[in-house]
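Residue numbers (the numbering used here), protein chains in the order written: chain U, 72 to 349; chain P, 72 to 349.
Just so you know, even glycine gets a beta-carbon here, dropped at the ideal spot from N, CA and C.
Note that the structure is a prediction, hence the values are computed from the model and not measured.
Notes to accompany the following structure.
Protein chains: 2
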Amino acid sequence: MSVTIGGATRLYAIVGDPIAQVRSPAAYADVFARHGIDAVMIPAHVLPDRFDATLRGLMGLGNLDGIVVTVPYKARIVPFATRVGPTAALIGALNALRREPDGSWTGEMFDGAGFVHAMRRRGGALVGRRVALFGAGGAGSAIGCALAGEGVASLAIIDPQRTRADALAARLSGAFPACEIGATTRVPAGRDMIVNASTVGMRAGDGLPGDIGDLAPGTLVGDVVTADAPTALVREATRQRCIVVEGRDMVVGQIDAMLAFFRLAPEPSRAASTAAAH
Amino acid sequence: MSVTIGGATRLYAIVGDPIAQVRSPAAYADVFARHGIDAVMIPAHVLPDRFDATLRGLMGLGNLDGIVVTVPYKARIVPFATRVGPTAALIGALNALRREPDGSWTGEMFDGAGFVHAMRRRGGALVGRRVALFGAGGAGSAIGCALAGEGVASLAIIDPQRTRADALAARLSGAFPACEIGATTRVPAGRDMIVNASTVGMRAGDGLPGDIGDLAPGTLVGDVVTADAPTALVREATRQRCIVVEGRDMVVGQIDAMLAFFRLAPEPSRAASTAAAH
């Protein structure tokens, strides 16, 4: 979907490094056009050694109303928020910042809700699932939090930075005592849901995020990576006829909630979004 | 003309305050589409008290390749350039900044060339003209410089900041000794070209930039203001059947030169651009 840009067009920026792979500018162009909103989402390639100065500059633009955040900045951006919503507060990461009328900034994390929404649209039932989750960064934290909130039975968190996996497990265990949550180094036996929330798959030639073994029929597989070609995990899951959610589905799955957060559309009701899935 | 934005789309920003009136985003969308360039020009509303921090932030974006500058920042942005071209050096103002492969920034001023090009397309002959020029800021300096370079006979510069008008007159007199150049407070008798390069006309309800008297047949009139409705000066000049160039014509008139400056198209030859006018 194409957009028309004029001097009065309002700006939203998606901030990340790298940036060429992001899907949000195209997805939001579509949504803005459908809603008749004179706004555009631009890709903003923010370099790690210039993060603070670049963010301050972007947030100083008088016609920039919101920021969407992707890898690797979902945790690093938290101090730029004047206040954060409950999910962002729990996991210490956010992927959306909204400018308030008084010039302050409110942040919240929608990756988890987007992932769950996308999986529900595919018909994947989450209650009671035994989940292996690769990646304890911003997206992994958000998805782990959302899955625990949806009633999965267990969550095994795998991250090369073991302390990061431990910290996320501890935090989610405190918030969701009914879910069996722990950090580990490999996919435990008997998993019926695999989620990659690591960056493995972003680079061409990347393999699987880890040994996933054979996937039982009915296994749910998610991969947050957005890339032109399907990742190795998505290809393998598709070959084994799993229900699959990709990064682009997660982006689309959170658009309604994010539009409401940006005050560009009414709050989606869960009933309505569930109904829309059928 | 609409544009399609993806993660790999390159950014150009037009920087100004206010910003809603600018024409460049739409004009460049058209040109980028015609040339098959995956780029977009975004309006960037930079507030005066955040100018330095916002510019540093924008210039830190890894996917921003160039900046176009409009009111009131054409002089204030000069220190952000690592080096400037000859016109910018002469008048101390610029309206385009290009990122070099080594990360440095080169600036140049194209308003004057754009104005002259637009006037030539309308059939306005400039040699020997007696010009009254309102506004000795960035655009006025650029246009005054370009008109003197085109061989106008005289240039009377009018600006509420008299020292600014005096300084411009002195600088241009040194560079163009054959042209009679001076600062004044009102339009002298016998002018056959009137140019408004002040901000008068940007606000709805603005009148003329000054008393322009009766316009003789064949008078050339230019107004750098870009607004949805014609300015009072443009309306009056149109009523008196003058040859008129507006702000949007000046934007379009400099696009080819600016595309070449941004290394997005080959350098336009003067012969080619003159030929294209017929």
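Query: In its own chain, which residues sit with a C-beta less than 6 Å from the C-beta of residue 329 of chain P, not counting the 5 before and 5 after it?; Result: 167 and 181
Query: Please report whether the beta-carbon of residue 77 of chain P lies at a distance below 7 Å from any beta-carbon of chain U.; Result: yes
Query: For chain U, find out if any of its Cβ atoms is closer than 7 Å to the Cβ of residue 100 of chain P; answer yes or no.; Result: yes
Query: Report, in whole angstroms, the separation of the C-beta atoms of residue 149 of chain P and residue 165 of chain P, which I expect to be a contact under 8 Å.; Result: 6 Å
Query: Using a Cβ-Cβ cut-off of less than 7 Å, list which residues of the stretch 181-196 of chain P approach chain U; keep chain order.; Result: none
Query: Within 7 Å (strictly less), CB to CB, does residue 351 of chain U reach chain P?; Result: The structure shown has nothing for residue 351 of chain U, since chain U only spans 72 to 349.
Query: Consider the Cβ of residue 90 of chain U: report whether some Cβ of chain P lies at a distance smaller than 7 Å.; Result: yes
Query: Between the C-alpha atoms of residue 210 of chain U and residue 145 of chain P, what's the straight-line distance to the nearest angstrom?; Result: 42 Å
Query: Tell me whether residue 93 of chain P counts as near the ligand FAD, meaning its Cβ is closer than 6 Å to at least one heavy atom of that ligand.; Result: Absence of the ligand FAD from the depicted structure is noted, as is the absence of any ligand whatsoever, leaving it without description.
Query: Identify the residues that DSSP records as bridge partners of residue 114 of chain U: which are they?; Result: U:85
Query: State yes or no: is the beta carbon of residue 129 of chain P nearer than 7 Å to at least one beta carbon in chain U?; Result: yes
Query: Okay, do the stretch 224-234 of chain P and the stretch 298-309 of chain P touch, 3+ Cβ pairs below 8 Å being the bar?; Result: no
Query: Beta-carbon separation of residue 185 of chain U and residue 92 of chain U under 7 Å?; Result: no
Query: By the criterion of Cβ-Cβ separation under 9 Å, what are the contact partners of residue 97 of chain U in chain C?; Result: Annotation note: the requested chain C is absent from the structure, which comprises protein chains U and P.
Query: Which term fits residue 327 of chain U, buried or exposed, when burial requires 16 or more other beta carbons within 10 angstroms of its beta carbon?; Result: buried
Query: Go ahead and pull the three-state DSSP assignment for residue 294 of chain P.; Result: strand
Query: If you reduce the DSSP assignment to three classes, tell me which class residue 254 of chain P lands in.; Result: strand
Query: Answer with buried or exposed for residue 175 of chain U, where buried requires no fewer than 16 other C-beta atoms within 10 angstroms of its C-beta.; Result: exposed
Query: Count the C-beta pairs between the stretch 330-337 of chain U and the stretch 82-92 of chain P that are closer than 8 Å, then say yes if the count reaches three, no if not.; Result: no
Query: Assuming residue 113 of chain U contacts residue 138 of chain P under a Cβ cut-off of 8 Å, what Cβ separation, rounded to an integer in Å, is found between them?; Result: At roughly 14 Å, the Cβ-Cβ gap does not stay under 8 Å, so residue 113 of chain U and residue 138 of chain P are not in contact.
Query: Taking 7 Å as the threshold (beta carbon to beta carbon), is residue 125 of chain P in contact with chain U?; Result: yes
Query: Between residue 133 of chain U and chain P, is any beta-carbon pair separated by less than 7 Å?; Result: yes
Query: Exposed or buried, which one is residue 158 of chain U when buried takes at least 16 other CB atoms within 10 Å?; Result: buried
Query: Shortest alpha-carbon distance to residue 17 of chain U belongs to which of U:255, U:261, U:110 and U:238?; Result: In the structure as shown, chain U starts at 72 and stops at 349, and residue 17 of chain U therefore has no counterpart that could be examined.
Query: Tell me, please, whether the stretch 294-305 of chain P touches the stretch 270-280 of chain P by the rule of three or more beta-carbon pairs shorter than 8 Å.; Result: yes
Query: May I have the straight-line CA-CA distance separating residue 263 of chain U from residue 177 of chain U, to the nearest angstrom?; Result: 36 Å
Query: Starting from residue 264 of chain P, trace the beta strand (DSSP E) both ways and give me its first and last residue.; Result: 264-267
Query: Taking Cβ-Cβ distances shorter than 7 Å, what residues in chain U pair up with residue 82 of chain P?; Result: 113
Query: Does the structure place the stretch 203-221 of chain P close enough to the stretch 263-276 of chain P that three or more beta carbon pairs sit under 8 Å?; Result: yes
Query: Please classify residue 236 of chain P: does DSSP put it in a helix, a strand, or coil?; Result: helix
Query: Taking buried to mean at least 16 other C-beta atoms within 10 Å of its own C-beta, is residue 78 of chain U buried or exposed?; Result: buried
Query: Less than 7 Å between CB atoms is the rule here; does residue 93 of chain P satisfy it with respect to chain U?; Result: yes
Query: Could you pull the start and end residues of the alpha helix (DSSP H) that residue 308 of chain P belongs to?; Result: 303-310
Query: Hey, is residue 170 of chain U's beta-carbon within less than 7 Å of any beta-carbon in chain P?; Result: no
Query: Taking just the CA atoms, how far does residue 143 of chain U sit from residue 189 of chain P?; Result: 47 Å
Query: By the three-class DSSP mapping on this structure, what secondary structure does residue 324 of chain P have?; Result: helix
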